[in-house]
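Asks: The sequence shown runs 2 to 370 under the numbering used here. A single structure is presented below for examination.
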Amino acid sequence: MIPLVDVKAAYLRHRAAIDAAVQDVLESTAFIQGPQLRAFEEAYAAYCGTKHAIGVGSGTAALHLALAAAGVGAGDVVAVPAHTFIATVEPVSWLGARPRFVEIDPETGAMDPVALKGAIDGVSAVLPVDIHGRPADLEQIAAVAADAGVPLIEDAAQAHGAEVVRADGTVVRAGGYGLAGCFSFYPGKNLGAFGDAGAITTNDDAFAATVRRLRDHGRTSKYEHEIIGYAHRMDTLQAAVLSVKLSTLDADNRRRAALMARYEEELTGVGDLWFPPATPDRRSVFHHALVRTSRRDSLLSFLKERGIGAGVHYPIPVHLQPAYAFLGYRRGDLPSTEAWADECLSLPLYPELSDAQLAGVVDAVRAFF
Ligand SMILES: *Cc1c(COP(=O)(O)O)cnc(C)c1O
2 MIPLVDVKAA YLRHRAAIDA AVQDVLESTA FIQGPQLRAF EEAYAAYCGT KHAIGVGSGT
62 AALHLALAAA GVGAGDVVAV PAHTFIATVE PVSWLGARPR FVEIDPETGA MDPVALKGAI
122 DGVSAVLPVD IHGRPADLEQ IAAVAADAGV PLIEDAAQAH GAEVVRADGT VVRAGGYGLA
182 GCFSFYPGKN LGAFGDAGAI TTNDDAFAAT VRRLRDHGRT SKYEHEIIGY AHRMDTLQAA
242 VLSVKLSTLD ADNRRRAALM ARYEEELTGV GDLWFPPATP DRRSVFHHAL VRTSRRDSLL
302 SFLKERGIGA GVHYPIPVHL QPAYAFLGYR RGDLPSTEAW ADECLSLPLY PELSDAQLAG
362 VVDAVRAFF
């Protein structure tokens, strides 16, 4: 059996340190916004190269708070891709705004800046996704957003540690672009908690202060509430776990890249398998080992029969989800997005995946074709 992801293996690798960190929180009983939360926020801001990181209850909560703090509200329009998890879009709707789905670049699966330019009229915020662990074309997208005078909020839920190399050679990590970066620490993400958790990164002091207030009932003091906020805090326990796991995130991401390179080496030219081409100025952290094939569904069941976990991220694009039928989108509206949904497959990928396990996946894929 080779799973798609192995959350248990990550725990076992860090067991002593995690157990001690959790014990520490239990002894202190500082379960809500304890000192371990502040420590993690400082470590994560340093990791991302941003002035602030604010721990919140989930990646979805991060998106909700970032959009709210950016002033998105009733009647607004937010530009989003449809090749993503639905959580990118739900908070737009919660705030009374409407998503406008923007076509993706067929090579990378991320929001196409040219399509964005054509769709920017009337948009109040731009929300690209660093899908599968590769930064969206943030340089170009930021330029379009700046031209239109609207904020850029980055859904970096899959891209902890991913990097953009700018024309002048400087490197910006995911979460460091635009007004805010939104991260998820869902257990299976590159940096995963032991439950729900997320974070918002930003370089804007006033925005950070608003987010901190919004995540905790709009509080200015224990019983004074300046604005109507939310209960979107990160548990201290999750922060303690995340601080331990953050210490190996770069090494873990390098291992993911090495495994992905092996997949590509071994499987390029096999059947009609297609690997998204590398983008040297946008370094992926390979949240998913993403391939495409016209025989996706039969490959998926073939692998499943052999005990190999594979996934589909994501089979139904958000513009065609029943929940969003009211917007009136139809199949054919976003051809590149729909082709990715029809053909994409994620092979098993996690830092603890052994070379022998990878060879087992490669053999099975070859046997299928
Ligand atoms: C995981 C994910 C989210 C949501 O994060 P949660 O922590 O599960 O709420 C949002 N956007 C993308 C692209 C994701 O992959």
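A virtual CB, placed ideally from N, CA and C, is assigned to each residue, including glycine. As the structure is a prediction and not an experimental result, all values here were calculated from the model.
With the cut-off set at 8 Å, would you say ALA67 and ILE142 are in Cβ contact?
Replies: In the sequence shown, the residue the question calls residue 67 occupies position 66. In the sequence shown, the residue the question calls residue 142 occupies position 141. Taking 8 Å as the Cβ cut-off, ALA67 and ILE142 do not qualify as a contacting pair.
Asks: As an exercise, report each continuous alpha helix (DSSP H) stretch of at least 4 residues that is fully enclosed by the region 23-67, in chain order.
Replies: Counting only runs of 4 or more, we get 36-49.
Asks: By DSSP's criteria, GLY182 is part of a beta bridge. Which residues make up the other side?
Replies: Looking up residue 182 in the sequence shown gives position 181. GLU155 and THR202, per the DSSP bridge assignment.
Asks: For ligand 1, enumerate in chain order all residues having a CB closer than 6 Å to any of its heavy atoms.
Replies: That query returns the following residues: SER59, GLY60, THR61, THR85, PHE86, ALA88, THR89, VAL130, ASP156, ALA158, GLN159, SER185, TYR187, ASP197 and GLY199.
Asks: Mind checking which residues open and close the beta strand (DSSP E) that includes GLU164?
Replies: For the purposes of this step, residue 164 is identified with residue 163 of the sequence shown, where counting begins at 1. Where GLU164 is concerned, the enclosing beta strand (DSSP E) stretches over 164-166.
Asks: Where does the unbroken alpha helix (DSSP H) through LEU359 begin, and where does it stop?
Replies: For the purposes of this step, residue 359 is identified with residue 358 of the sequence shown, where counting begins at 1. LEU359 -> alpha helix (DSSP H) spans 356-369.
Asks: What residue range does the alpha helix (DSSP H) around PRO336 cover?
Replies: What you label residue 336 is simply residue 335 of the sequence shown in a count that begins at 1. Residues 336-344.
Asks: How is GLY312 classed by DSSP in three states: helix, strand or coil?
Replies: Taking the first residue of the sequence shown as 1, we reach residue 312 at position 311. GLY312: strand per DSSP, three-state reduction.
Asks: Figure out for me which residue from ALA365, PRO82, GLY50 and LYS9 has the closest Cα to the Cα of ILE317.
Replies: If you number the sequence shown from 1, residue 317 lands on position 316. Among ALA365, PRO82, GLY50 and LYS9, the Cα nearest to that of ILE317 is on PRO82.
Asks: Looking only at DSSP bridge pairs, what is MET112 linked to?
Replies: Reading the sequence shown from its first residue, position 111 is the one you call residue 112. Answer is ILE105.
Asks: Once the 5 residues before and after PHE41 are set aside, which same chain residues still bring their CB inside 7 Å of it?
Replies: Against the sequence shown, residue 41 aligns to sequence position 40. Within the same chain, PHE41 has close Cβ partners GLY56, ALA240, LEU243 and SER244.
Asks: Confirm, please, whether the CB-CB distance from ARG296 to TRP275 is below 8 Å.
Replies: The sequence position of residue 275 within the sequence shown is 274, counting from 1. The sequence position of residue 296 within the sequence shown is 295, counting from 1. Cβ distance not < 8 Å, so TRP275 and ARG296 don't count as in contact.
Asks: Since PHE287 and ALA311 are thought to touch, with beta carbons under 8 Å apart, how far apart are those beta carbons, to the nearest angstrom?
Replies: The sequence position of residue 287 within the sequence shown is 286, counting from 1. The sequence position of residue 311 within the sequence shown is 310, counting from 1. So it is not a contact: roughly 15 Å between Cβ atoms.
Asks: Is the Cβ-Cβ distance between GLY196 and ALA11 less than 8 Å?
Replies: In the sequence shown, the residue the question calls residue 196 occupies position 195. In the sequence shown, the residue the question calls residue 11 occupies position 10. No, the Cβ-Cβ distance between GLY196 and ALA11 is not below 8 Å.
Asks: Between the region 160-174 and the region 86-105, do three or more beta carbon pairs fall short of 8 Å?
Replies: No, the region 160-174 does not touch the region 86-105.
Asks: Look at the Cβ atom of THR51, then the Cβ atom of ASN254, and state whether they are nearer than 8 Å.
Replies: One-based indexing of the sequence shown puts residue 51 at position 50. One-based indexing of the sequence shown puts residue 254 at position 253. Not in contact: THR51 and ASN254 (Cβ atoms no closer than 8 Å).
Asks: DSSP three-state call for HIS226: helix, strand or coil?
Replies: Here the question's residue 226 lines up with position 225 in the sequence shown. HIS226 falls in the strand class under three-state DSSP.
Asks: Measure the alpha-carbon distance for THR221 versus ARG214 and round it to whole angstroms.
Replies: Here residue 221 corresponds to residue number 220 of the sequence shown, with the count starting at 1. Here residue 214 corresponds to residue number 213 of the sequence shown, with the count starting at 1. Straight-line Cα distance between these residues: approximately 7 Å.
Asks: For the alpha helix (DSSP H) containing VAL81, name the first residue and the last one.
Replies: Translated into the one-based positions of the sequence shown, residue 81 becomes position 80. Taken as a continuous stretch (DSSP letters only), VAL81 belongs to no alpha helix (DSSP H), being part of the beta strand (DSSP E) at 78-82.
Asks: Any idea which residues DSSP pairs VAL173 with across the strands?
Replies: Stepping through the sequence shown from its first residue, residue 173 is reached at position 172. VAL173 pairs with VAL165.
Asks: With DSSP run on the structure shown, which of helix, strand or coil describes ASP217?
Replies: As a first step, residue 217 is located in the sequence shown; it is residue number 216 there, counting from the start. Note: ASP217 maps to strand in three-state DSSP.
Asks: Which of the three DSSP states, helix, strand or coil, is assigned to ALA69?
Replies: For the purposes of this step, residue 69 is taken as residue 68 along the sequence shown, with counting starting at 1. Helix.
Asks: With burial defined as no fewer than 16 other Cβ atoms inside 10 Å of the residue's Cβ, what is the status of ARG174: buried or exposed?
Replies: Your numbering for residue 174 matches position 173 in the sequence shown. Flag for ARG174 reads buried.
Asks: In terms of DSSP beta bridges, what is LEU348 paired with?
Replies: The residue given as residue 348 occupies position 347 in the sequence shown. Partner(s): ALA290.
Asks: Give the DSSP-derived three-state secondary structure of ALA160 in the structure shown.
Replies: Within the sequence shown, the letter at position 159 stands for residue 160. The answer is coil: DSSP assigns ALA160 none of H, G, I, E or B.
Asks: In this structure, does DSSP put ARG256 in helix, strand or coil?
Replies: Counting from one through the sequence shown, the residue named residue 256 turns up at place 255. It is helical.
Asks: Could you please give me the residues that DSSP links to PRO100 through a beta bridge?
Replies: Here the question's residue 100 lines up with position 99 in the sequence shown. PRO100 is bridged to VAL79.
Asks: Taking only three categories from DSSP, how would you classify ALA194?
Replies: On the sequence shown, position 193 is the one that residue 194 refers to. Coil, per DSSP.
Asks: Is it the case that the region 64-80 contacts the region 96-106, given that we only count it when at least three CB pairs across the two stretches are under 8 Å?
Replies: Judged by Cβ distances under 8 Å, the region 96-106 makes contact with the region 64-80, as three or more pairs qualify.
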